[in-house]
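Notes follow once the structure below has been shown.
In the numbering used here, the protein residues as written are 312 to 893.
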């Protein structure tokens, strides 16, 4: 399910010397497998690429001629007539086949990451994604283009530069556009302390300010939280890391002239996802696009919603309740499930250098933490047999038996077994999990390391934590069931698009020594990786079964910076606008 520390969504990982060496296995991008050379020798494209550098690419006419001659040679072989349809045909966008991913290759190849045992540095990736691109300086006219018998000057490349269709679609979108962040992706302010910002100020990360983000365990504590903590917009950036700042700036540019109203909807990401869905519906109902001037007036048009990560789950739930409030939805890195959340629920995580903000107990009280749990129970794999070890994550007894959180267990995780009889080996076997992992983030917007020590000992009594967890798991399961496709609302669903990435190693599970291995402190050390954005697996970022997808766009971005790829966002918006028809 659900690495600045930017709170992110990934399981704890081992980052010691041995793992770093293993993760540096030779990787051949052409073959898509570590150390592969293909064909037992140098790839044929090796010479083709270098020849083209000196002699230029083969002329298209030559290539076309070669193909034509080959077809002429095969004319004697009868071919079945294929029914062709232009990609511009309107029915292509919502073809029934679009209910499923087109091919496994479009979602990445998990075998690429079999040699990786530690997650990539998501912080560094996010910073790189956020760096500004250098402008394309005008190309000077070449000497051969000058005509000595005229006074005309050839046009430079800059004069021929045009806005791409994707960015043009982004610039021309009309109506209400709502952007919302993900897990820990909204700014929170303390109303009882002069509206002081409690998430995420830099002072908190450096232990210069104390905050308490824990939520009470009773249902009324959630309802009353609005009197204490108020969300104030989306977390658009963290220092140099861009999340949605560039996108908002682009959308707000000439918004009035385009008839566009841009909203960033912040929400208290700690509360129940069902409650957040109700608040989103109330917000959308108040927008101009969803209001009627009089009885029997103009029909509601609905808002175009761009939702990142957890925001997409909340949006999908609201869409299933009130599809008439939406004119289109772009899901950016929205995971159907994300098992990475299990690490922080047991170990807690650190924001920059502060280990007291998100302890295991604090994460335990955040209702949205459980929205990423998989109903299938898939996460752990037996290290010796490679067989899956499914768990019922929506059963309180599972959490107690395997110590998935110290808040409901009567024992602490067993220490990792010693692999050496030396003093150093004995010490390393009992090293805190903080030394075993560097980047185990849980929130799409921030990265983290595990938190251990006295701060991790829960203070809540079992008489309160067990009933709370039982109730929360039942509510979360009900929420997840409501995300499923409803065939009765097929004609009412707005067009939907998906923005995802498949270029970063992403946690998909962990290898353990049988069921008993789950109880040990090193359960989240030997990780399994697949293709994704570093937080959300590409396969899990697709729409659930049944939903039709107007457009799927893969970008080379990390989870945090997905919305920073304006070209990718523009392509999705273009498809949504064409499908909705205005």
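A virtual CB, placed ideally from N, CA and C, is assigned to each residue, including glycine.
Neighbourhood of residue i by C-beta, 6 Å cutoff - its chain only, sequence neighbours within 5 removed
{"i": "residue 857", "result": "796"}
{"i": "residue 489", "result": "574, 576, 614, 616"}
{"i": "residue 916", "result": "In the structure displayed, the chain extends from 312 to 893; residue 916 sits before or after that span and is not available."}
{"i": "residue 352", "result": "Interpretation of residue 352 is limited by its pLDDT of 42, a score under 50 that renders its predicted location unreliable; the figure taken from the coordinates is listed afterwards. Answer for residue 352: no residue qualifies."}
{"i": "residue 779", "result": "528"}
{"i": "residue 643", "result": "619, 810, 873, 874"}
{"i": "residue 881", "result": "477, 478, 480, 481"}
{"i": "residue 884", "result": "480, 481, 484"}
{"i": "residue 541", "result": "500, 502"}
{"i": "residue 808", "result": "641, 861, 862, 883, 886, 887"}
Endpoints, the beta strand (DSSP E) within which residue i is located
{"i": "residue 691", "result": "691-693"}
{"i": "residue 822", "result": "815-823"}
{"i": "residue 804", "result": "Here residue 804 belongs to no beta strand (DSSP E), and DSSP marks it neither H nor E."}
{"i": "residue 486", "result": "486-491"}
{"i": "residue 665", "result": "665-669"}
{"i": "residue 660", "result": "660-662"}
Top-ranked residue by Cα proximity to residue i, from the options
{"i": "residue 549", "options": "877, 510, 521, 524", "result": "510"}
{"i": "residue 683", "options": "512, 877, 633, 852", "result": "852"}
{"i": "residue 585", "options": "785, 481, 508, 821", "result": "785"}
{"i": "residue 782", "options": "547, 675, 649", "result": "675"}
{"i": "residue 657", "options": "541, 663, 673, 647", "result": "673"}
{"i": "residue 801", "options": "500, 528, 630, 564", "result": "630"}
{"i": "residue 517", "options": "478, 661, 592, 648", "result": "661"}
{"i": "residue 652", "options": "519, 678, 635", "result": "678"}
{"i": "residue 627", "options": "837, 841, 791, 775", "result": "791"}
{"i": "residue 773", "options": "808, 838, 707, 525", "result": "707"}
{"i": "residue 567", "options": "598, 485, 849", "result": "485"}
{"i": "residue 558", "options": "477, 501, 500", "result": "477"}
{"i": "residue 582", "options": "563, 536, 546, 860", "result": "536"}
{"i": "residue 562", "options": "803, 887, 877", "result": "877"}
{"i": "residue 654", "options": "847, 636, 671", "result": "671"}
Host alpha helix (DSSP H) of residue i (start-end)
{"i": "residue 643", "result": "Not the alpha helix (DSSP H): residue 643 falls in the beta strand (DSSP E), residues 637-643."}
{"i": "residue 584", "result": "584-596"}
{"i": "residue 630", "result": "621-632"}
{"i": "residue 498", "result": "Residue 498 -> not in any alpha helix (DSSP H); beta strand (DSSP E) instead, spanning 497-501."}
{"i": "residue 878", "result": "877-891"}
{"i": "residue 708", "result": "707-712"}
{"i": "residue 255", "result": "Within the shown structure, residues of the chain are numbered from 312 to 893, placing residue 255 beyond reach of any answer."}
{"i": "residue 479", "result": "476-483"}
Exposed unless 16 or more other CB atoms sit within 10 angstroms - verdict on residue i
{"i": "residue 864", "result": "buried"}
{"i": "residue 378", "result": "Any reading at residue 378 is ruled out, since the residue's pLDDT is 41, under 50, leaving its predicted position unreliable."}
{"i": "residue 734", "result": "With a pLDDT of 27 at residue 734, under the threshold of 50, the modelled position of this residue cannot be trusted; read the value that follows with caution. Under this definition residue 734 is an exposed residue."}
{"i": "residue 588", "result": "buried"}
{"i": "residue 749", "result": "Confidence in residue 749 is poor, its pLDDT being 36 and thus under 50, which makes the residue's placement too unreliable to answer from."}
{"i": "residue 580", "result": "buried"}
{"i": "residue 868", "result": "buried"}
{"i": "residue 833", "result": "buried"}
{"i": "residue 892", "result": "exposed"}
{"i": "residue 612", "result": "buried"}
{"i": "residue 593", "result": "exposed"}
{"i": "residue 543", "result": "exposed"}
{"i": "residue 632", "result": "exposed"}
{"i": "residue 505", "result": "exposed"}
{"i": "residue 538", "result": "exposed"}
{"i": "residue 827", "result": "exposed"}
{"i": "residue 890", "result": "buried"}
{"i": "residue 685", "result": "buried"}
{"i": "residue 823", "result": "buried"}
{"i": "residue 640", "result": "buried"}
{"i": "residue 854", "result": "buried"}
Close beta carbons around residue i, own chain, < 7 Å, minus the five adjacent residues each side
{"i": "residue 483", "result": "569"}
{"i": "residue 895", "result": "Any answer about residue 895 is impossible in this case: the structure gives the chain only from 312 up to 893."}
{"i": "residue 830", "result": "713, 714, 724, 725"}
{"i": "residue 624", "result": "584, 645, 682, 794"}
{"i": "residue 332", "result": "Note that residue 332 has pLDDT 33, beneath the 50 cutoff, so the model's placement of it is unreliable and no number is given."}
{"i": "residue 634", "result": "800, 803, 804, 805"}
8 Å CB neighbourhood of residue i in its chain, flanking five on each side removed
{"i": "residue 768", "result": "717"}
{"i": "residue 564", "result": "482"}
Inset, instruction - Can you check the stretch 838-869 for any alpha helix (DSSP H) of at least 4 residues that lies completely inside it and give the ranges in chain order? - result: none
Inset, instruction - Note down, one range per segment and in chain order, each beta strand (DSSP E) of at least 3 residues found wholly within the stretch 511-578. - result: Along the length of the stretch 511-578, whole beta strand (DSSP E) runs at least 3 residues long occupy 540-545, 571-575, reported in chain order.
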